[in-house]
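Each remark here refers to the structure printed beneath this line.
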């Protein structure tokens with residue numbers, strides 16, 4: 082949101098901005114969530130919650146971002162015998178998962 086505002090708008094409306102534990106560049110954990118599901122330590126198979134988790138809009142927003150300066154740009158989020166996937170390969174990764 083703030084990236085889209087002018088400097089004048091921010092000077093008028095924002096006195097301070099504090100981000101606490103905010104994954105602004107995204108979270109690598111989401112690659113595992115989309116691939117296998119993530120039971121987050123609960124005693125349930127990750128595959129049982131995978132389809133539901135894939136449907137959450139917030140999980141798509143938290144997927145690592147591919148913008149200039151992103152720490153994830155060239156980092157392989159997923160490594161398999163067949164391919165490695167970076168954020169630039171997100172579409173191919175999700176297609177391989179049939180998401």
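Residue numbers (the numbering used here): 82 to 180.
We treat Cβ as the ideally placed atom computed from N, Cα and C, and that holds for glycine.
- Taking 8 Å as the threshold, find out whether the segment 85 to 101 comes into contact with the segment 131 to 151 through three or more Cβ pairs. no
- Message: According to DSSP, residue 97 sits in a beta bridge with which residue or residues?
- Response: Note: residue 97 sits in no beta bridge, so no partner.
- At what residues does the alpha helix (DSSP H) containing residue 117 begin and finish? 110 to 117
- If you drop the 5 nearest sequence neighbours on each side, which residues of the same chain put their C-beta closer than 7 Å to that of residue 178? 115, 116
- Query: If you draw a straight line from the alpha carbon of residue 123 to that of residue 129, how long is it in whole angstroms?
  - Reply: 11 Å
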